[in-house]
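Undergrad: Handing you this structure, nothing more for now.
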Amino acid sequence: MFDLTDNKVMIDGNTKVCILIGNPVGHTLSPLIHNTLASICGHDLVYAACSVNPGKVKRAVEGAYELGILGLNVTVPHKIEVMDALCGVDDIAGQIGAVNTLVRTDHGFKGYNTDIYGLERALLSEGVSIEGETVVILGAGGAARACAFLCGLRKAAKVYILNRSVDKAEELATAVNNYSGYSICTPLPLDKYESINEESFVALQATSIGLYPDVNRAVIEDEAFYKRVRFGFDLIYKPAETAFMKLVRGGGGECACGLKMLMYQGIAAYEMWNDTSVDDKQAGIVYSVLTEAAYR
Ligand code: NDP
Numbered sequence: 001m002f003d004l005t006d007n008k009v010m011i012d013g014n015t016k017v018c019i020l021i022g023n024p025v026g027h028t029l030s031p032l033i034h035n036t037l038a039s040i041c042g043h044d045l046v047y048a049a050c051s052v053n054p055g056k057v058k059r060a061v062e063g064a065y066e067l068g069i070l071g072l073n074v075t076v077p078h079k080i081e082v083m084d085a086l087c088g089v090d091d092i093a094g095q096i097g098a099v100n101t102l103v104r105t106d107h108g109f110k111g112y113n114t115d116i117y118g119l120e121r122a123l124l125s126e127g128v129s130i131e132g133e134t135v136v137i138l139g140a141g142g143a144a145r146a147c148a149f150l151c152g153l154r155k156a157a158k159v160y161i162l163n164r165s166v167d168k169a170e171e172l173a174t175a176v177n178n179y180s181g182y183s184i185c186t187p188l189p190l191d192k193y194e195s196i197n198e199e200s201f202v203a204l205q206a207t208s209i210g211l212y213p214d215v216n217r218a219v220i221e222d223e224a225f226y227k228r229v230r231f232g233f234d235l236i237y238k239p240a241e242t243a244f245m246k247l248v249r250g251g252g253g254e255c256a257c258g259l260k261m262l263m264y265q266g267i268a269a270y271e272m273w274n275d276t277s278v279d280d281k282q283a284g285i286v287y288s289v290l291t292e293a294a295y296r
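Set out below in structure tokens:
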């Protein structure tokens, strides 16, 4: 455990261990999230990051189980490959088709997707609830899948999924419509945003356009689109203010970046591993530590 008050690391034979697997992992902020949580929650736990090569994920997860690792996070590019190494996959993670959190059971690790809960808690912290909303999702990759299934799970009124490759938007819309049991999602090519009828909506930016260092681009650059964005959430967290966010603000809407989503997906994993609940005050401490590290 890392003691924030006097910068001491105290690890002994009882210290629980959690890890991140991905490739590469050198840039990750996850150890900061979890080691800060362990410190402020008073848990004897350390969290480290391990690079694992593609094709070796099953062996790594089986080894982690035998070593008594309490829980794992899984990041790019292993969120799909890891599913072969598990004793079970949570229903919504299976629907999304990606696992980012492994929880230890008596029979092996079970897989979950906490991106969806991270997104929900980040939106709620900004005063945005998905229920009954019209939502426009930009993108149809892994992150957009979590956005779309959150809309299905929390019963958005209407969801438009816009993507450069429209076949991926169509596949995702069909999957969420089947999951929800009603026709909630409409797929559209990226350049057909003018066919959205609603005058006001929440926009979730889930493409990789605008990510550092390509900070001056937004996936849609037409100011007329942004006049209708009541709240815009960019899943990208670097830079802190993306070109998408500037356009939302320019159109009169409110916005936030993806740093809180990153934090809350970690908090959701931490809560599962430790059978605990992290309150707003504790999350606030983690957020200030994370902000300082992400933007220094
Ligand atoms: P994917 O590679 O799975 O998806 C990328 C998406 O961006 C696709 O929809 C793709 O469209 C689109 N895209 C890429 N290049 C272009 C382009 N030139 N023009 C138009 N569209 C383009 O990535 P992820 O879904 O995993 O991640 C997307 C973003 O979300 C990343 O920036 C990532 O950092 C962020 N993210 C943030 C998280 C957080 O906790 N804050 C969690 C997860 C992701 P197409 O299908 O046509 O290729």
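Using my numbering, the first residue of the sequence shown is number 1, and each one after it goes up by one.
Quick reminder that beta carbons are idealized off the backbone N, C-alpha and C, glycines included.
Do G141 and T186 have their C-beta atoms within less than 9 Å of each other?
TA: The answer is no: Cβ separation not under 9 Å.
Undergrad: So what does A49 bridge to, in DSSP terms?
TA: DSSP lists L20 as partners of A49.
Undergrad: Rank V248, G26 and M272 by C-alpha distance to the C-alpha of V219 and give the top, closest one.
TA: Of the candidates V248, G26 and M272, the one whose C-alpha sits nearest the C-alpha of V219 is V248.
Undergrad: Count the other CB atoms, across all protein chains shown, that sit within 10 Å of the CB of Y295; report buried if there are 16 or more and exposed otherwise.
TA: Classification of Y295: exposed, given that the 10 Å Cβ count is below 16.
Undergrad: What would DSSP say about L123, mapped onto helix, strand or coil?
TA: In the structure shown, L123 sits in a helix (DSSP, three-state: H, G or I).
Undergrad: Which partner residues of C185 appear in the DSSP bridge assignment?
TA: In the DSSP output, where bridge partners are listed per residue, C185 has V159.
Undergrad: So does the stretch 29 to 40 actually touch the stretch 57 to 68, counting three or more Cβ pairs closer than 8 Å?
TA: No: the two stretches stay apart, fewer than three of their Cβ pairs being nearer than 8 Å.
Undergrad: Put V136 into one of helix, strand or coil per three-state DSSP.
TA: In this structure, V136 counts as strand in the three-state DSSP scheme.
Undergrad: Are the stretch 275 to 285 and the stretch 127 to 136 in contact at 8 Å, needing three or more beta carbon pairs?
TA: Because the criterion of three Cβ pairs below 8 Å is not met, the stretch 275 to 285 and the stretch 127 to 136 do not touch.
Undergrad: For N197 and A93, I'd like the C-alpha separation in whole angstroms.
TA: Cα-Cα distance, rounded: 31 Å.
Undergrad: Could you name the residues of the same chain whose beta carbon sits closer than 6 Å to that of R121, not counting the 5 residues immediately before and after it, in chain order?
TA: Cβ neighbours of R121 beyond the five flanking positions: Y264.
Undergrad: How would you write the range of the alpha helix (DSSP H) that R249 sits in, first residue to last?
TA: A243 to G250 is the extent of the alpha helix (DSSP H) around R249.
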